[in-house]
Amino acid sequence: MAEIRKKIRPEIFELVESGKKKIDLRAADFDIQEGDTLILEEWNPQTKQYTGRKIERLVDFVLKFRLDDFGQRKEIEKNGLYVIQLGVKLNGKTNRGENG
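The sequence shown begins at 1 in the UniProt record's numbering and counts up one residue at a time.
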């Protein structure tokens, strides 16, 4: 298993450290797979230096895609993408086929 080091801005570092942000969206310009360790090193863009703080997380899941995979390139370029973190199931059920 590999260790991958990436920069992270202070405001995003705080969200990851607190547990609020559990996803990471990155350009796929490096190799990463389930079981690797992602080391996020806090980077101050104003001073252009690392702060010395870091977070290490085990990679549970990786999904790589291209904009054309969705068949909506123009809409994505115009409006952007949402990255949605899913929480616990409500009512302990999966509502398949209901309301969409």
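Ideal Cβ positions, reconstructed from N, Cα and C, are used throughout, including at glycine.
For residue i, the nearest candidate out of the options (CA to CA)
| i | options | result |
| --- | --- | --- |
| residue 23 | 31, 8 and 79 | 8 |
| residue 86 | 1, 20, 36 and 78 | 20 |
| residue 41 | 74, 13, 79 and 81 | 13 |
Own chain, CB closer than 7 Å to residue i, minus 5 neighbours either side, in chain order
| i | result |
| --- | --- |
| residue 34 | 59, 60, 61 and 62 |
Residue i - containing alpha helix (DSSP H), residue span
| i | result |
| --- | --- |
| residue 66 | Note, residue 66: premise wrong, no alpha helix (DSSP H); not H, not E. |
| residue 79 | 73-79 |
Contact set for residue i: own chain, Cβ-Cβ below 6 Å, skip 5 residues either direction
| i | result |
| --- | --- |
| residue 64 | 28 |
| residue 25 | 83 |
Residues bridged to residue i (per DSSP)
| i | result |
| --- | --- |
| residue 3 | 37 |
Sequence-distant residues of its chain with Cβ nearer than 8 Å to residue i (five each side left out)
| i | result |
| --- | --- |
| residue 68 | none |
- Item | alpha helix (DSSP H) segments (min. 4 residues) lying fully within the UniProt domain "DUF3850" (7-64) | If we require 4 residues or more, the alpha helix (DSSP H) runs fully inside the UniProt domain "DUF3850" (7-64) come out as 10-18.
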